[in-house]
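What follows is a short report on a single structure.
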Amino acid sequence: MSVTAFADETKASGYLLTVAALLPADLAAARQVMRGLVMPGQRRIHFFKESDRRRKQILDVIAEVRPRIALYDSSGHHRRQQRAVCLTALLADLAARQARTLVLERDDAVLAEDRKVLYRLVRDLRCSETLQYRHHRAHEEPLLAIPDALAWCWQRGGHWRTRVKEMDAALRVL
Numbered sequence: 028m029s030v031t032a033f034a035d036e037t038k039a040s041g042y043l044l045t046v047a048a049l050l051p052a053d054l055a056a057a058r059q060v061m062r063g064l065v066m067p068g069q070r071r072i073h074f075f076k077e078s079d080r081r082r083k084q085i086l087d088v089i090a091e092v093r094p095r096i097a098l099y100d101s102s103g104h105h106r107r108q109q110r111a112v113c114l115t116a117l118l119a120d121l122a123a124r125q126a127r128t129l130v131l132e133r134d135d136a137v138l139a140e141d142r143k144v145l146y147r148l149v150r151d152l153r154c155s156e157t158l159q160y161r162h163h164r165a166h167e168e169p170l171l172a173i174p175d176a177l178a179w180c181w182q183r184g185g186h187w188r189t190r191v192k193e194m195d196a197a198l199r200v201l
């Protein structure tokens, strides 16, 4: 299934890489609706900074967008290996599903290492011709707000985690 996946991490308690995948036919409408949630004066949605009322509104919209959600938890691994462990599992899953694009939120602190890991993975998984990966800043790609919101909810726990579970999120503990 040719999907585009959007990924963001949280290191609040352990390490969690959250992924929201959408079909190509759904991307334009999803971008429009997520961009429409950006308030005047904001460059992007940053779930951490939103009020609870607004968080609920954003989650309602995400539920309507209906992304396929996967959470990769590598908290049990050494801190230096956690991101690579998650990326390895994610890329294997995306290659198996014949995904076409992975968009990661750009973090300059890990960008060079990401590129090495991702280059090696797409080569090893023999998907370099079919799977592209990109790093974008959150204000450049409104759909990065989806994994940002879902990661925050999962780490927060309680009714916030329940909201993510209600969206049929798949958790992989690595």
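The opening position of the sequence shown corresponds to residue 28 in this note's numbering, with each subsequent residue numbered one higher.
All C-beta atoms, glycine included, are put in the ideal place defined by N, C-alpha and C.
A quick note: this is a predicted structure, and the numbers were derived from the prediction, not measured.
Proximity of residue i and residue j at Cβ, strictly below 8 Å
| i | j | result |
| --- | --- | --- |
| residue 120 | residue 200 | no |
| residue 177 | residue 47 | yes |
| residue 158 | residue 126 | yes |
| residue 53 | residue 45 | no |
| residue 113 | residue 42 | yes |
| residue 72 | residue 191 | no |
| residue 183 | residue 162 | no |
| residue 37 | residue 179 | yes |
| residue 77 | residue 85 | yes |
| residue 175 | residue 74 | yes |
| residue 94 | residue 49 | yes |
Bridge partner(s) assigned by DSSP for residue i
| i | result |
| --- | --- |
| residue 149 | Residue 149 pairs with nothing; no bridge assigned. |
| residue 96 | 47 |
| residue 58 | BP columns for residue 58 are empty, so no partner. |
| residue 132 | 163 |
| residue 199 | 99 |
| residue 37 | 43 |
| residue 31 | 49, 128 |
Integer-rounded CB distance, given that residue j should sit under 8 Å from residue i
| i | j | result |
| --- | --- | --- |
| residue 166 | residue 70 | 4 Å |
| residue 138 | residue 118 | The Cβ separation is near 17 Å, so there is no contact. |
| residue 56 | residue 170 | Not confirmed; about 11 Å, so no contact. |
Neighbour-count burial assignment, residue i, 16 or more Cβ in a 10 Å radius
| i | result |
| --- | --- |
| residue 67 | exposed |
| residue 51 | exposed |
| residue 80 | exposed |
Among the options, nearest to residue i - alpha-carbon criterion
| i | options | result |
| --- | --- | --- |
| residue 168 | 130, 140, 148 | 130 |
| residue 156 | 175, 122, 181 | 122 |
| residue 152 | 116, 139, 170 | 116 |
| residue 30 | 62, 128, 108 | 128 |
| residue 92 | 108, 62, 110, 109 | 62 |
| residue 111 | 49, 172, 143 | 143 |
| residue 141 | 40, 189, 107 | 107 |
| residue 172 | 198, 154, 60 | 60 |
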